[in-house]
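Single-structure report; data block below.
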Amino acid sequence: MADDSGSPVARRPQDRLDDHAAIDRLTDELLPALVAKLGANGLGELEVREGTWRVRLRMPADGHAAAVRRSPSGRQGARAAEGSRGEHSRTDAAGTAGSGHATAASGHAQEDATAAGPSRVVATSPAVGYFRPRADLRAGTKVRAGDRVGSVDVLGIGQDLVAPGDGLIGATLVEAGEPVEYGQAVIVLEQLAEPRPHAASTTGAQSGPAESGPADGAPTGGPAESGPAPAGAGHDGTPATGVA
Amino acid sequence: MFDRVLIANRGEIAVRILRACRTMGIGAVVAYSEADRDSLAAQLADEAICIGPADAKRSYLSPSAIISAAIVTGCEAIHPGYGFLSEDSGFAEAVAAHGLTFIGPSAEVLERFASKEASRSLMARHGLPTIPGSEGMLRDDEHALSEAARVGYPVLIKPSAGGGGKGMRMVRTPRELEASLRVCRSEARAAFGDDSLYLEKWLEDNRHVEVQVVVDRYGRGVHLGERDCSVQRRHQKIVEEAPTPALPPASRVELCERAIAAVVAAGYENIGTLEFLVDRDGSFYFIEINCRIQVEHPVTEMLTGIDLVATQIRIAAGEPLGFGQEDVEVRGHAFEFRINAEDPAHEFRPQAGLVERFYAPGGPGVRMDSHLYAGYDVPPFYDSLLGKLVVWGHDRPAAIARSKAALDELVVDGIVTNRSFHRALLENAAFVEGRVTTNLIDRVGTAAFLASERG
Chain A
1 MADDSGSPVA RRPQDRLDDH AAIDRLTDEL LPALVAKLGA NGLGELEVRE GTWRVRLRMP
61 ADGHAAAVRR SPSGRQGARA AEGSRGEHSR TDAAGTAGSG HATAASGHAQ EDATAAGPSR
121 VVATSPAVGY FRPRADLRAG TKVRAGDRVG SVDVLGIGQD LVAPGDGLIG ATLVEAGEPV
181 EYGQAVIVLE QLAEPRPHAA STTGAQSGPA ESGPADGAPT GGPAESGPAP AGAGHDGTPA
241 TGVA
Chain B
1 MFDRVLIANR GEIAVRILRA CRTMGIGAVV AYSEADRDSL AAQLADEAIC IGPADAKRSY
61 LSPSAIISAA IVTGCEAIHP GYGFLSEDSG FAEAVAAHGL TFIGPSAEVL ERFASKEASR
121 SLMARHGLPT IPGSEGMLRD DEHALSEAAR VGYPVLIKPS AGGGGKGMRM VRTPRELEAS
181 LRVCRSEARA AFGDDSLYLE KWLEDNRHVE VQVVVDRYGR GVHLGERDCS VQRRHQKIVE
241 EAPTPALPPA SRVELCERAI AAVVAAGYEN IGTLEFLVDR DGSFYFIEIN CRIQVEHPVT
301 EMLTGIDLVA TQIRIAAGEP LGFGQEDVEV RGHAFEFRIN AEDPAHEFRP QAGLVERFYA
361 PGGPGVRMDS HLYAGYDVPP FYDSLLGKLV VWGHDRPAAI ARSKAALDEL VVDGIVTNRS
421 FHRALLENAA FVEGRVTTNL IDRVGTAAFL ASERG
């Protein structure tokens, strides 16, 4: 996490822009490589410093992608599991979000989220509405980046729910016909290959878990991945290249 | 009455509407953009729902996102706040078409008052004096030049849609007019999606006075007195007060009575504000009507004790007003200071960033409507309003004394605000004597105000 020292620093608009640029760069370039490294070596924790930024990735002890502290997706996950008609409570979410300092840092939490799901991306809702799955898709169906994997019904008009990367359909986190909000994690995609060619040394290690992923179908920590960054950073920031 | 209302706005007004809902026992759902995930309103809401990205066009300005959010969260009504879609008749119509209630005037009423030019002529027909201006919209440069020549320079170029000073320019010569038209058009197009412009005669040394009206669906209306918004910088209101120091009591009553009679006759409904310019000799001219809750509504709430947002919700729910003009009592004097994330030392440049400390002032007659909290990261995407300090006193000097104490007590660390400007204004002789005209700050320059700051 960057700038988690807690020291009060005056932040000017330019600083913020710089930060957002740095987040984008970290998300797009550095993190996929680090994630691959972490997965391949079985390291528990990895920290890299660059300029004023510090990124720390942590693999949970059981080696599985576990829920991470990212308050919005935690909330969305809870809501999806609940399956009730929009009755989730923000107050509950605030409990997990913790102090003002923690919530203020949520813009940086994406790095943690990415770390939690080394071989997954998530299709997030493009709008507020009701989720409609694509009838012909089953867990394990192979999709490519840009494929429509469902839709969100907004006032009777379907908006495409699009796969942000290549992969196999994994857990669907929202029941058909249930409401979703903008940016909500809906379908987990288990990735077939590593996102970046330069992480090629680790691809062999990844193929096993990726294929076994859809079978269990449990939405463990799925919503953690690839949620949109609040300040407008790219929300499909984990580019997937190359298909097996 | 509604069980659940969707608040389709952000910042301090979202918090204000939420408070009104709570007071009335209505569930409040806050619709927020990704940039406002950690906003105070979203945290306080009974439910909060993300409707889109930071870009307002895809969130707070997206009718489908907002209406869909209201439906999926089980709301019966939508409160649009101010700005964004608050005066958009198309939005109001779409809300109604989905079986929901738009908290504000009906689409038909909004449509009737949508164009400033059209409402000027409508209100003129109902007996309100208006400023000499162009006949209809300016068709092209040639038409603008001929109309300006007819009205007489200086003239004010104004966009038909929207407000807040965007796309407005005062010009003194045909050459200035020609040079400004294109800029005004592009500003108006960018801000409101409509580049229609019209012209008005520019009145020197005028005051900006507005009348708060409340009209129920059954044609029963009252006025809640006037407010003076003459302290402006580049046509942006900075400080509001009531009653206006510009008019003697008898003239104030006349202005307000004519205003309410005219809007009721014109078929207005819900709450609204009629804006007037008052010239040096006390003549007043109707300029426009704001068909929404205004930023400065707390000034009137302080004087009358009437909750304007609650009243707005009740009227939208179809309830009768429930009180008459004789029940409205205006007491004392109140100011509202807009606390903006702007640096007065650097041309009021907008600021954004982390609020490290926030202490709201308090005490008798002091009210702070704000969405700030320590640890809040002010997003750079929206307007710079951080909150409103509203101060009441039994008379103007008492309100000024309290305002000074309250401004001194206000602490916002981590982000520069215009607090120092307000503090300096309170020491300014023209302000203390109640002589501020709309062009004073731009004429004197902000540096002159800051120079007189003490402490």
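Line by line, the protein sequences give chains A and B.
Take the first sequence: its position 225, counting from 1, is numbered 225 in this note's numbering, and each next residue is one higher.
Take the second sequence: its position 380, counting from 1, is numbered 380 in this note's numbering, and each next residue is one higher.
Built from N, CA and C at the ideal position, the CB exists for glycine as well.
Being a predicted model, the structure only gives us computed values, none of them experimental.
Item                                                                                                                     : Value
Straight-line Cα distance separating B:Thr101 from B:Gln312                                                              : 12 Å
Candidates A:Glu178, A:Gln184 and A:Leu17: closest to B:Ile51 by CA position                                             : A:Gln184
Span of the alpha helix (DSSP H), counted from its first residue to its last, around B:Ala148                            : Asp141 to Val151
Other residues of its chain near B:Met1: CB distance less than 6 Å, five sequence neighbours each side excluded          : Ala317
Segments assigned beta strand (DSSP E), at least 3 residues, entirely inside the region 211 to 281 of chain B            : 221 to 233, 236 to 242 and 270 to 278
Proximal residues to A:Asp136 (C-beta, below 8 Å), its chain only, five neighbours per side dropped                      : none
Three CB pairs or more closer than 8 Å across the region 125 to 134 of chain B and the region 335 to 353 of chain B      : no
Residues of its chain near B:Val15, where Cβ-Cβ distance is below 8 Å and the 5 sequence neighbours each way are ignored : Leu40, Ala41, Leu44, Asp369, Ser370 and His371
Simplified DSSP state of B:Cys21, which is helix, strand or coil                                                         : helix
Whole-Å CB distance - A:Val152 paired with A:Tyr130, under 8 Å assumed                                                   : 7 Å
CB contact below 7 Å: A:Pro126 versus chain B                                                                            : no
Own chain partners of B:Pro379 with C-beta closer than 6 Å, once the 5 adjacent residues on each side are dropped        : Ala35
Environment of B:Val183 [buried if 16+ CB atoms lie within 10 Å]                                                         : exposed
For B:Leu6 and B:Leu385, the rounded distance between their alpha carbons                                                : 22 Å
Cβ distance (whole Å) where B:Phe358 is taken to contact B:Val412 below 8 Å                                              : 6 Å
Segment limits, alpha helix (DSSP H) that includes B:Leu425                                                              : Arg419 to Leu425
Neighbour flag for B:Leu6 against chain A, beta carbons, 7 Å                                                             : no
Cα-Cα separation, A:Ser89 to B:Gly393                                                                                    : A caution first: A:Ser89 carries a pLDDT of 37, below 50, which makes its placement in the model unreliable, though a value can still be read off. A:Ser89 and B:Gly393: Cα-Cα distance of roughly 40 Å.
Alpha carbon of B:Glu178 to alpha carbon of B:Lys166, nearest angstrom                                                   : 18 Å
Own chain partners of A:Ala176 with C-beta closer than 6 Å, once the 5 adjacent residues on each side are dropped        : Pro133
C-alpha distance - B:Met93 paired with B:Cys291, whole-angstrom precision                                                : Reading off the sequence shown, one finds Glu at residue 93 of chain B, where the question assumed Met. Taking the straight line joining both Cα atoms gives about 15 Å.
Beta carbon proximity, B:Cys50 to chain A, threshold 7 Å                                                                 : yes
Option nearest B:Arg112 by Cα separation, candidates B:Glu288, B:Val416, B:Asp442 and B:Arg367                           : B:Glu288
Other residues of its chain near B:Pro53: CB distance less than 7 Å, five sequence neighbours each side excluded         : Ser33, Glu34 and Ser59
Under the three-state DSSP convention, the category B:Val330 falls into                                                  : coil
DSSP-derived helix/strand/coil call for B:Asp395                                                                         : coil
Classification of B:His346 by the beta-carbon crowding that lies within 10 angstroms, buried from 16 upward              : exposed
Inter-residue Cα distance where the pair is B:Arg234 and B:Asn439                                                        : 8 Å
Among A:Asp160, A:Gln14 and A:Ala171, nearest to A:Ala145 - alpha-carbon criterion                                       : A:Asp160
Assigned exposure category for B:Leu425 - 16 Cβ within 10 Å defines buried                                               : buried
Closer than 8 Å at the beta carbon, the chain A residues around B:Val183                                                 : Correct list: empty, because the minimum Cβ distance to chain A is about 24 Å.
Own chain residues within Cβ distance below 8 Å of B:Ala65, not counting five before or after                            : Ala31, Ile51, Gly52, Arg58 and Ser59
Local conformation of B:Arg37 per DSSP, three classes                                                                    : coil
Cβ-Cβ distance between A:Thr124 and A:Ile169 below 7 Å                                                                   : no
Other residues of its chain near B:Gly414: CB distance less than 8 Å, five sequence neighbours each side excluded        : Gly353, Leu354, Val355, Glu356 and Arg357
Against chain B: residues of the region 153 to 181 of chain A by CB proximity under 7 Å                                  : Val154, Leu155, Pro179 and Glu181
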